[in-house]
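Enquirer:
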Amino acid sequence: MGGETFEVAKLKSSYPKLSAHPVGQWIPNIYKDRIGQFYGGGQYESKNLRAMMNEGIASGSPHVELSVWDAPELTRPTFKDATSHEFRDTQVGDWFGPSWSTHWFKVKLTVPKELLKKELLELHWDANNEGMVWTEEGNPLQGLTGGGERVEWILPKEYQDGKQHTIYIEMACNGMFGNAPGGDSIQPPNPNKYFQLGKADIVAVNTVARQLWIDIWIIGDAAREFPTDSWEQHKALKVANEIIETFELGNQDSIIKGRKIAQEYLGKDVNSSAVYKTDTKPIVYGIGHCHIDTCWLWPWAETKRKVARSWSNQCDLMDRYPEHRFTCSQAQQYKWLKQYYPYVFDRVKEKVKKGTFQPVGGSWVEHDTNMPCGESLVRQFLYGQRFFESNFGERCRTFWLPDTFGYSSQLPQLCRLAGMSRFFTQKLSWNNINNFPHTTFNWVSLDGSQVICHMAPAETYTAEANFGDVRRSVTQHKSMDQDETSLLVFGKGDGGGGPTWEHMEKLRRCRGMSDTVGMLPRVQLGDSVEDFFDRLEKRASDGLDFVTWYGELYFELHRGTYTTQANNKRNNRKSEIMLHDIELLATLASIKHGYKYPKEDIDDMWENVLLCQFHDCLPGSSIEMCYDDSDELYAKVFKTGEKILKDLQSVLGVQDFSNSNDKKTLMALNTMPWHRREVISIGDNKAGVACGSGNLLEIKTFKIAETPEVTVKEVKKGVFVLENDQLRVEVEGGCISSLYDRKAEREVVPKGGKANQLVIFDDKPLYWQAWDVEVFHLDSRKELPSGTTKIVQSDAHQVSVMTETKISEKSWIKTYISLSAAFKDQQSYVEMHAEVEWQESMKFLKVEFPVDVRNTEASYETQFGIVRRPTHYNTTWDMAKFEVCCHKFADLSEHGYGVSILNDSKYGFATCGNLMRLSLLRAPKAPDAHADMGRHHIRWAILPHQGDLGSTTVRTGYNFNNPLKLVQAPKETFRMDAFTNPIKLTGNPSLILDTIKRGEDDEDVSRGELPKRKGKSVILRIYDSLGGTSKGTIETTLDVKRVWKANILEDDEEELKIKDGKLDITLRPFEVATFRLQL
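Counting with the working numbering, you get residues 1 to 1079 for the letters of the sequence shown.
(1) Just the Cα atoms here: how many angstroms apart are E1003 and A589?
(2) Taking only the alpha-carbon atoms, compute the straight-line gap between N241 and K881 and give it to the nearest angstrom.
(3) Roughly how far, in whole angstroms, is the beta-carbon of W69 from the beta-carbon of W104, given that I think they are within contact range, below 8 Å?
(4) Is it the case that the Cβ atoms of H289 and L525 are separated by a distance below 8 Å?
(5) I need the DSSP call for E714, collapsed to helix, strand or coil.
(6) Among residues of its own chain, excluding the 5 on either side of Y873, which ones have a beta-carbon nearer than 6 Å to its beta-carbon?
(7) The alpha helix (DSSP H) spanning V517 covers which residue range?
(8) Please report how far the alpha carbon of F405 lies from the alpha carbon of T369, in whole angstroms.
(9) CA-CA distance, E745 and R728?
(10) The beta strand (DSSP E) spanning N608 covers which residue range?
(11) Do you know how far the Cα of S390 is from the Cα of S272?
(12) Looking at the ligand ZN, does it come within less than 7 Å of R868, judged from the CB to the closest heavy atom?
(13) Can you tell me whether I983 is buried or exposed, with buried defined as 16 or more other CB within 10 angstroms of its CB?
(14) Using CA atoms only, rank isn't needed, just tell me which of E1009, E678, K1062 and T986 is closest to S1030.
(15) Checking 8 Å against the spacing of the C-beta atoms, do Y816 and H833 come in under that value?
(16) Measuring only the C-alpha atoms, how far is D779 from H930?
(17) Assuming E730 is part of the beta strand (DSSP E), what are its boundary residues?
(18) Taking the alpha-carbon positions, what's the L411 to G374 distance?
(19) Assuming Y461 is part of the alpha helix (DSSP H), what are its boundary residues?
(20) Please report how far the alpha carbon of A222 lies from the alpha carbon of M513, in whole angstroms.
(21) Note down, in chain order, each residue of its chain lying with its Cβ closer than 8 Å to the Cβ of D772, except the 5 sequence neighbours on either side.
(22) On the three-state DSSP scale, how would you describe Q164?
(23) Please classify V470: does DSSP put it in a helix, a strand, or coil?
(24) From D545 to Q450, what distance separates their C-alpha atoms?
(25) So, V749 versus P619, is the Cβ gap smaller than 8 Å?
(26) L66 and T90 - do their beta-carbons sit closer together than 8 Å?
(27) Could you please give me the residues that DSSP links to G987 through a beta bridge?
(28) Are the stretch 895 to 906 and the stretch 944 to 962 touching, with three or more C-beta to C-beta distances below 8 Å?
(29) W978 lies in the alpha helix (DSSP H); which residues open and close that run?
(30) Between the C-alpha atoms of K235 and V378, what's the straight-line distance to the nearest angstrom?
(31) Based on DSSP bridge pairs, tell me the residues matched to K790.
(32) Would V847 and S818 qualify as a contact pair, given that the criterion is a beta-carbon distance under 8 Å?
(33) Specify, as a first and last residue, the run of the beta strand (DSSP E) that M132 falls within.
(34) Following the continuous alpha helix (DSSP H) through E389, name the residue where it begins and the one where it ends.
(35) Is it buried or exposed for N466, if we count other Cβ within 10 angstroms and need 16 for buried?
(36) Indicate whether the contact test is met: 3 or more Cβ pairs, each with one atom in the stretch 55 to 66 and one in the stretch 100 to 114, closer than 8 Å.
This is the structure we're talking about:
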C-alpha cells in the first residue's frame, strides 16, 4: 500500500493554444445599415439582390404592342364604348392627360421563346397613375396603381404558348390620391397634369429571389427594431449578414442557400398558409382592408372605378392566398359595383359566400357622425343593412368607421337598434392634445346602451403589414390588463387598392418568426372581424368587465369641419327637413286619401343625402369637384322633393301662396307634431296669426292694437330699442348692448358686454386646412367694427334694424336684428338674419354672445338628445373642446334661468365661461381653393328662458328650422281633417315625435328587395330629448289593429296593447323608440 502510481487521463480540448489572428467585435449599427443596402434600391441596385429579381424582360414590339384611344374631354366611357373606336399606335415614353382624363390601351402580348418555360410571368405596367386590366371580352380583372404601388399583373398560363394575346388597360389620369400639383396631396388638384407611360414589360420573375427579398426585409426589421439587449435581435443581425455573405451575383444557388439560412429565423413554412396552422396561440389578428373614401381628393365617378379596381385585386389575391380575409364597408360602394361592374360584383358575391370577402359596417357610407340629424343616422343603418341583407343574405354585426372625425354620443344605442353590438375605429389615435386611454372597452350611449369598441393599437386602418405594425399591436395596446388581442387592419387605403402580395408574404414571415424565435407578437390570418369580436363578447359573457367610456368620443382634431363648406351643410339640413315633411305628409295621404306613397323617389332622395354625408363630403374636406357633384345631387333631391310636396299639397286641397287678388283662404302648412301659434307674413307688410296643431293651421287676422305689440325707436343717435311684451332689446353699434327679459326682470347681457358681436380670427392650422382649427386661433380675435344701423322694418307684427359691416375690401355682412310680437305663455326670442359676401383667405368668422349666466357646463343639441360639455379649461381634456359640434341649439343655463342660441344651418359652437360663440364661415384654401367663397344667408336667434334647459328650447329649435309655409286654397277645396293630427303624442313635453313614415316592407310600398309584409303600417320614431324618464301617450284616430315596439330596422320586438286608439309609453332618459302601428 502506498507506493502505487496511476496514469491520469489528459483532458483534451479543441480550443487552440495560440491566437491565430485578431478578431474584432461587430459594430452593430454598421452591420444593421448594411442589410438595407442588400435588398434596397440606390447605387448598389445592379449589384445586390435586386439585380437577380428577374430572369428576363421583354419590351416593345413584337412582344408588347400598344395602341390607345383617348376618351374625349373628361368622360369615363364603358368598355363597350371605348373598344368600338379606332386606336392609334403609342409606345412607352408617351405622355397622357390632362388630369381626370381616360385613355384606353389595347395591349397585344406575345411571350418570347426564351421566357415560355419560366415559372412566373408578369406584365409590369407603370404610368404613375391608376388603371384597370380588362379581358378582350370586357371583363375587368385587376387594378393597377402606378409609382411602384401595384404595377404587376400575372399573365395566365395559357399566354405561355408563343401566340399573341390581347388585353385592354383603362388608364385614369390621376394618382391614388388624386392630382395634387406636388408632394402635398391636400393641395387643390392641378387640372393640367400629364402622366408618362414609363413601363410596359413582360417580366419573368425569379420567384426564389423575390421570396428571399421578403425574408431579409423582415429579418432586417427584427435586427433594427428588436431591443438591442435581446438575443433575438443579435440572432436576426447574424442571420441577415450571413445571407448577405452567402449571396453571389448571378449565382442562383446562393439565393437558394440564403433562403435556407433564413429558415433559422423564420421557420420552414413561410412559403404557404401552413405557417398559420400551428398549435401556438395568436394575439394579433390580421384582416385585409381597403378603405376607399367615397369622395375626397377625387370625385364620385372616380370612386366607382376605384372600387372595381380594388375589389378585383382582392378577389385575385384570395385565389392565391387561402388565408386572406378581406373586409369592406359602405353599401353605396357595393351598389355602384353591382350597377357598373356586374362581373366584379358576381366575383365578390362568390367570395362572400365562401367567407373570404366580408361585408362589414352596416351603413350606407362611412358617414360623418357629428352633423347628420338623428333620423339620418337611423337611415344610414336602415339603408345599409337592408342592402347587405338583400344582396348577401346577412346583416352586418360590426359598425366599421375607422376614419370619421369624432363619434356621436348616441351611436351605441343606434348600433344596438340596428343589430350591431360591436364598433371598430382608430381615428382618436390622431388626437393632437390628449391620448385616448383605451384600446378595447365598452362604449356607453346617452341612454345606457353599449357596444364593445376596439381601436386598432397599430393606430392605422392602412397598415403596410410590416414587422413594426405587428409589434405595435402590442407595444401600443392600452388594454393589455384585460385583453391582449387586437386587430391589425392592413392594405393600401384612402385611395383604394387594398392588400398586396407583399403584405401577405410579410405577415407569413412575421408569424414564422414568432413561432421560431419568439418575441414578436403572434399574428393570425384566416379569421374574420366577427370572429375577433365574438371572442371579445365571449370573454365579456364569461365575466370580464371591460372598462367603460360614457358619452361622445370627441375627436381632438379636425374641429374646423363643423363649419367648412357652409352651403353643403345648409343643403344637408334643408334636405333632412324636406324628407321629414315628405314622409309625414305622404304617410297620412297614403293611409287616408289613397295617395300612392312615392317610395322609389324617397329612396333615391335618401340615398343621395346619405351619400353626401360621407365623412369627407359633409365635413367639407374634399376637393371642389366633389362639391360640384354634391350640389348637383342636392339640386336633384330638392327638385324631386318639391314636386312631391306640390302633389301632397294638392291632396290637401291647397297650393303655394300667390299675391293675387283672387279670393282664397290663407292657411299655414305645418309639419311639427305640437300646437303652434306664430305670426306669419302674408305679404304687403301684413301678417296673420297661424294657430293649431294639424298639418294645416288656420290663419287669423293680426289685430293692430292701440298700443303696438312690438316697437322700434332710435332713442339717440345710433342707439335703437326694439321692444315687445317680453323683451327689450337695445342695439348700439350694430351689437346688442342690452337684452332685458321683462317677465323674469333680469338683464341677459352682462354690463359692458356686446351680444351679436361679429368677430374674425386668423385661421392657419398646422397642416389640415379645411379640417382643422387650432387652439391658437383664439389668440388672434378681432372685433369687426360696425357701420351705420338703420330701421328697415316697423310693422305692427315685427320690427327690424339692419347694420352693414365691412369685413375687408372684398367682404361685407348685413345683419338684421328682428323682434316679433309676443304671445302670452310662449317665449319670445330675438332673431338675426345675415347676408354675407365672403371673399376671405384663411379667416374664421364667428358671432359672440356674452350672457349673464354661470355654469361649468353648457348643453348642446346632438342627435336624439343633449350633450353637456365644459365651459372651463381645468384640464387639457376640457381645453381640447374649445370648438364643438351642436345641432339646432346650444344652451347655457344656471338654476332657474338660461339662454339658448338657435341656428338654421350651422354646427360649430363654443362656450367659454359665459361667452357663447356661434361659428359662421371659414376660408381654407386646401383642398378646395374656393371653399365658402361667395354669398351666404344665415339665421340665428337668442332665446332667453326661465327655468333650466327644457322643452321650450327643444321645440323652438325645431320650429325655427321648420318655419310655417303660407299656402292658399279656393273656398271649400281643402281637407278639413288636415286641421287635426291623426297621430299625436301627449304627456311629458320632453318626448319628441320625430318621424312618421310608412313601413319599409308594407305590401303597397315595398320595392321587393326583402319579403313583403301584409297590410299597411305606420312607423313612429319617438325619443326623450332632455334626459329623464318620460311618460306619454300615443293617440291616433287611425284604425290601428296591433302595435309593436320595433328596432330601427323595423323588426317587431315586443307587442304592446293599444286601447281606444291610445297607447301609453315610457322611455328611459334619451331613449330612441320605434313603434310600428299595424293598420
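Beta carbons: idealized from backbone N, C-alpha and C, even for Gly.
Given the structure is predicted, the values throughout are model-derived calculations rather than measurements.
Expert: Here's the rundown:
(1) 16 Å
(2) 52 Å
(3) 5 Å
(4) no
(5) strand
(6) M879
(7) No alpha helix (DSSP H) holds V517; DSSP gives it neither H nor E.
(8) 8 Å
(9) 11 Å
(10) Note, N608: premise wrong, no beta strand (DSSP E); alpha helix (DSSP H) at K599 to C612.
(11) 36 Å
(12) The ligand ZN is not among the ligands present in this structure, which contains no ligands whatsoever.
(13) buried
(14) T986
(15) yes
(16) 25 Å
(17) L727 to E732
(18) 10 Å
(19) Per DSSP, Y461 belongs to no alpha helix (DSSP H) and is neither H nor E.
(20) 9 Å
(21) L557, H558, R559, G560, P765 and L766
(22) strand
(23) helix
(24) 13 Å
(25) no
(26) yes
(27) G1032
(28) yes
(29) Strictly speaking, residue 978 in this sequence is Ala, with Trp absent from that position. Premise fails: A978 is in no alpha helix (DSSP H) and is neither H nor E.
(30) 55 Å
(31) M802
(32) no
(33) E130 to T135
(34) G374 to F392
(35) buried
(36) yes
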